[in-house]
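So the structure is just underneath, and the comments pick up after that.
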């Protein structure tokens, strides 16, 4: 029987790590990437192999490096699931932001989706099956002051998702995104306790989300029986904030 496979980018911590754990539980052989936290990624991969008896290949490089990405895809015979999770944030006034910093956010959060999809899609089309799940943000829906580049990149991810979904739906490939609200991860560690409490006070669920909750939704989207007609959606997971 053919093994299920998935690629998760940005898998060394936070949401990506939780998604890797969720898919390993479901029996997927995994390809995991990170940019800098190689030791953490190797530790996660080995634990997943030992715990769930799956195969894990780990890669540490910038997800925007097309040459290294192409070499990784040479190791991947096919993908059932692609999860574009790698992302960075930038907090500060737009007027104080350099163009290099802007490009880094856009390339990491949006350009990486283009690259991974470019290499994953041909085999998915050949096999007439596949799931592409892009991890987005509520700031891509409504925008955030002091996070213009991040908001623009995630708005781009949302539009990318909808357009690519239309392109690939005839080939039985479902493309969807999850627009996360406030999730308790390292990306939000820059927030003071007061800022965190203020944000939580605006959330009807009265708490931040958990990475495991995002991962569980990814797992649901990977279910062939439940999600084959769910196409081109940006699903908001934010505790009722929007």
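Numbering (the working numbering), first residue to last: 34 to 275. Glycine is no exception: its CB is placed at the ideal position from the N, C-alpha and C atoms.
{"Asked": "Cβ neighbours of residue 145 in the same chain (closer than 7 angstroms, five flanking residues each side left out)", "Found": "42, 96, 97, 117 and 119"}
{"Asked": "Alpha helix (DSSP H) segment containing residue 112, residue limits", "Found": "No alpha helix (DSSP H) holds residue 112; DSSP gives it neither H nor E."}
{"Asked": "Residue span of the alpha helix (DSSP H) that contains residue 58, given as start and end", "Found": "47-58"}
{"Asked": "Residue 212 in three-state terms, based on DSSP", "Found": "strand"}
{"Asked": "Residues of its chain near residue 101, where Cβ-Cβ distance is below 7 angstroms and the 5 sequence neighbours each way are ignored", "Found": "94"}
{"Asked": "Minimum C-alpha distance to residue 143 - residue among 129, 159 and 169", "Found": "169"}
{"Asked": "Exposure label - residue 262; buried when at least 16 CB within 10 Å", "Found": "exposed"}
{"Asked": "Integer-rounded CB distance, given that residue 247 should sit under 8 angstroms from residue 48", "Found": "5 angstroms"}
{"Asked": "beta-carbon residue 142 near the ligand ZN non-hydrogen atom, thresh 7 angstroms", "Found": "Only the bare structure without any ligand can be found here, which leaves the ligand ZN out of the picture."}
{"Asked": "Endpoints, beta strand (DSSP E) assigned at residue 167", "Found": "163-170"}
{"Asked": "Host beta strand (DSSP E) of residue 267 (start-end)", "Found": "267-270"}
{"Asked": "Rounded distance between the beta-carbons of residue 63 and residue 87, thought under 8 angstroms", "Found": "6 angstroms"}
{"Asked": "Cα-Cα separation, residue 70 to residue 45", "Found": "6 angstroms"}
{"Asked": "Inter-residue spacing [alpha-carbon to alpha-carbon] between residue 36 and residue 236", "Found": "40 angstroms"}
{"Asked": "Local conformation of residue 76 per DSSP, three classes", "Found": "helix"}
{"Asked": "Cut-off 8 angstroms between Cβ atoms - residues of its own chain near residue 134, not counting five sequence neighbours on either side", "Found": "123 and 182"}
{"Asked": "Alpha helix (DSSP H) runs wholly inside the stretch 126-194, at least 4 long, in chain order", "Found": "132-139, 145-160 and 172-175"}
{"Asked": "Stretch-stretch touch, CB-based, cutoff 8 angstroms, three pairs: the stretch 224-243 with the stretch 160-169", "Found": "no"}
{"Asked": "For residue 91, the residue or residues it bridges with in DSSP", "Found": "65"}
{"Asked": "Cβ-Cβ distance between residue 270 and residue 188 below 8 angstroms", "Found": "no"}
{"Asked": "Close Cβ partners of residue 273 (< 7 angstroms) along its chain, the five nearest in sequence each way excluded", "Found": "236, 237 and 238"}
{"Asked": "Span of the beta strand (DSSP E) around residue 41", "Found": "38-41"}
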